[in-house]
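**Q** Our numbering puts the first residue of the sequence shown at -5, with every later residue one more than the last. The C-beta atom is built at its ideal place from N, Cα and C for all residues, glycine as well. My structure is below; once you've seen it, I'll send some questions.
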Amino acid sequence: MEIKDLDYNIQYDEATKTVKFAGSIRLQNLPAYEPIKLFLRDVAKLCQGSLLTMDFRDLQFVNSSGITTLSMFIIDSRKSAAYQIKIQGSLNISWQSKSLSNFKKLWDQVVLEIS
-5 MEIKDLDYNI
5 QYDEATKTVK
15 FAGSIRLQNL
25 PAYEPIKLFL
35 RDVAKLCQGS
45 LLTMDFRDLQ
55 FVNSSGITTL
65 SMFIIDSRKS
75 AAYQIKIQGS
85 LNISWQSKSL
95 SNFKKLWDQV
105 VLEIS
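Now the structure itself:
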C-alpha cells in the first residue's frame, strides 16, 4: 500500500508492518488529510495483535494539520488497543524530537525511538 505525491510518499511494508513517511507533507487543512487518515486506518486493520512501526526518519516536515491527524490516529489506536505502536524519528530533523515525543503523552504504551 502506498500514497504518492510530488512532495511526499507514505509506504506500508506488510512484511515488517512498517509505515514509512518521506518528504514534506504540507496539506491545506484537516479535510485534505483524509486520505492519509484512511490509509492509516487500513494499515491498523492489518496489524491487529502485533506491532505497527511508524518510521518518520525521512519526513523532513509535516504541518500542524498533519500532526493533528497523526495524533488522532494515536488516540484511536489507544482506544482500540488492538496493536502496539513504535515511532521512529531522527534527531537530525528538528521538529521530530519535540512533536513525536508528544505521541507518548497521548498513549504511554507508544515505543519511541529517536536517534
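Thinking F97 and I68 are a contact (beta carbons under 8 Å), I'd like their distance in whole angstroms, please.
**A** Walking along the sequence shown from the start, residue 97 turns up at place 103. Walking along the sequence shown from the start, residue 68 turns up at place 74. At roughly 5 Å, the Cβ-Cβ gap stays under 8 Å, so F97 and I68 are in contact.
**Q** Could you check where the beta strand (DSSP E) with N86 kicks off and where it finishes?
**A** The residue given as residue 86 occupies position 92 in the sequence shown. Taken as a continuous stretch (DSSP letters only), N86 belongs to no beta strand (DSSP E), as it is neither H nor E.
**Q** Does DSSP put N3 in a helix, a strand or coil?
**A** The residue labelled residue 3 in the question sits at position 9 within the sequence shown. Looking at N3 - three-state DSSP - the assignment turns out to be strand.
**Q** Could you please give me the residues that DSSP links to V37 through a beta bridge?
**A** On the sequence shown, position 43 is the one that residue 37 refers to. Per the DSSP secondary-structure output, V37 pairs with nothing in a beta bridge.
**Q** Is it true that the CB of M48 sits closer than 9 Å to the CB of I81?
**A** If you number the sequence shown from 1, residue 81 lands on position 87. If you number the sequence shown from 1, residue 48 lands on position 54. Yes; because the gap between Cβ atoms is below 9 Å, this pair is in contact.
**Q** Return the residue from the list A75, T10, K92 that minimises the CA-CA distance to S84.
**A** Taking the sequence shown and counting its residues from 1, the one referred to as residue 84 is at position 90. Ranking A75, T10, K92 by Cα distance to S84 puts K92 first.
**Q** Mark S71 as exposed unless 16 or more other C-beta atoms lie within 10 angstroms of its C-beta, in which case mark it buried.
**A** Translated into the one-based positions of the sequence shown, residue 71 becomes position 77. By the Cβ-count criterion, S71 is buried, with 16 or more other Cβ atoms from all chains shown falling within 10 Å of its own Cβ.
**Q** Can you look up G17 in the DSSP assignment and give me helix, strand or coil?
**A** Numbered from its first residue, the sequence shown carries residue 17 at position 23. Correct three-state label for G17: strand.
**Q** Should T10 go down as buried or exposed, given a rule of 16 or more other Cβ atoms within 10 Å for buried?
**A** Locating residue 10 in the sequence shown gives position 16, where the first residue counts as 1. Counting Cβ neighbours within 10 Å, T10 comes out exposed, since fewer than 16 surround it.
**Q** Considering only DSSP beta bridges, list what I81 is partnered with.
**A** Position 87 of the sequence shown, counted from the first residue, corresponds to residue 81. M48, L106, per the DSSP bridge assignment.
**Q** Taking the C-alpha atoms as reference points, what is the distance between K(-2) and I4?
**A** Against the sequence shown, residue -2 aligns to sequence position 4. Against the sequence shown, residue 4 aligns to sequence position 10. The C-alpha of I4 is placed about 7 Å away from the C-alpha of K(-2).
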